[in-house]
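One structure is given here, and the rest of the page talks about it.
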Amino acid sequence: MAQAEYQEIKDRVMTEVRAFVAVCELANLILLKRELGEGRTYAVMWKKYKRRVLLAMSSQAFAQLNGINVISYYAPRVFEQAGWIGRDAILMTGINSIVYVFSTLPPWYLVDRWGRRPILLSGAVVMGTALAATGWWLYVELPQTANAVVVCVIIFNAAFGYSWGPLPWLYPPEIMPLTFRAKGVSLSTATNWAFNFLVGEMTPILQELIDWRLYPMHGFFCACSFILVYPETMGVPLEEMDAVFGEEELQERLDNESERASLISHRSRPSRQTSPSRGWVSRVMGRSGKRATYEPIADAEE
């Protein structure tokens, strides 16, 4: 009994110490950047954190270019194109919307179980496949086309609902540094609405001009979003996100701070590999190396 009470008190104290150390690291990081007189303009943000800004903006751009608003805005027209007429097309739109709502529930649990990247990548594959199949069924115009298009559209919407629907709103605030978080998120949000307007205005025109080819076209953007690799951020504290992107000086300073903090919390920080994730964005930014891995502070074995 006494041992259990001792362990409970010990766990509570260790939790409080961990929280205290995290707050101290965050405060020291903010104070250091203020002491260095770091500018907070958009120009400075672009110069210092171009890669992160591009990742944040591209995630929101692909959230629109993958074709979700072709369905969300013009679903009855899509179903009529497949062969559903009048109220039947409206009914199929309602069923599709219900599935869409329920598909947004799994990320609440999966985002910190699977990680951001697996969800985004799997969503891109399923959406691209569903859009390609939609275009093919509309092209061949078989008796089964009407039902097949409904199935493909529902699969597409469900895939978007658990992946590229919610995560592009989560990812930019995570990867942007503290001093530029508001500006970075505002740019990514503006990108989302700019492409939202573009897709919404162009869809009726493209439906007339290229017909069934519109859907494989958006499937191509799904493939592009799969190629442009986004570094994993699951389990990484916001104040230590710089280490994920290979910013060596700040990582070294954080390591030194954590070593000093370990004198208080009796915890040690293992070495971290900080080579950034590889992908087309990484190549454009001129970075090299293997995928970044982040290891959080581990409790010292007693």
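Heads up: the sequence shown runs through residues 1 to 302, numbered per the numbering used here. Just so it is clear, CB atoms sit at the ideal spot from N, CA and C, and this is done for glycine as well. Here the structure is a predicted model, which means the values were calculated and not measured.
Straight across, the Cα-Cα distance linking C222 with A89 is about 26 angstroms. For A190 and D242, the gap between their C-alpha atoms comes out near 24 angstroms.
In the three-state reduction of the DSSP assignment, G246 falls in the coil class. The C-beta of S186 has fewer than 16 other C-beta atoms within 10 Å across all chains shown, which makes the residue exposed. Residues A130, A133, T134 of the same chain have their beta carbon placed closer than 6 angstroms to that of C152, with the five preceding and five following residues left out of the count.
Counting along the chain, the unbroken alpha helix (DSSP H) around Y100 starts and ends at 87-103. N28 sits away from N96, with the two beta carbons spaced by 7 angstroms or more.
It is roughly 10 angstroms from the alpha-carbon of C224 to the alpha-carbon of L65. A distance below 7 angstroms separates the beta carbons of Q207 and L214. Counting along the chain, the unbroken alpha helix (DSSP H) around F195 starts and ends at 181-209. For the alpha helix (DSSP H) assignment, the uninterrupted runs of no fewer than 4 residues enclosed by the segment 99-172 are, from N- to C-terminal side, 107-110, 116-140, 145-162. Per DSSP, the unbroken alpha helix (DSSP H) holding E80 starts and ends at 68-82.
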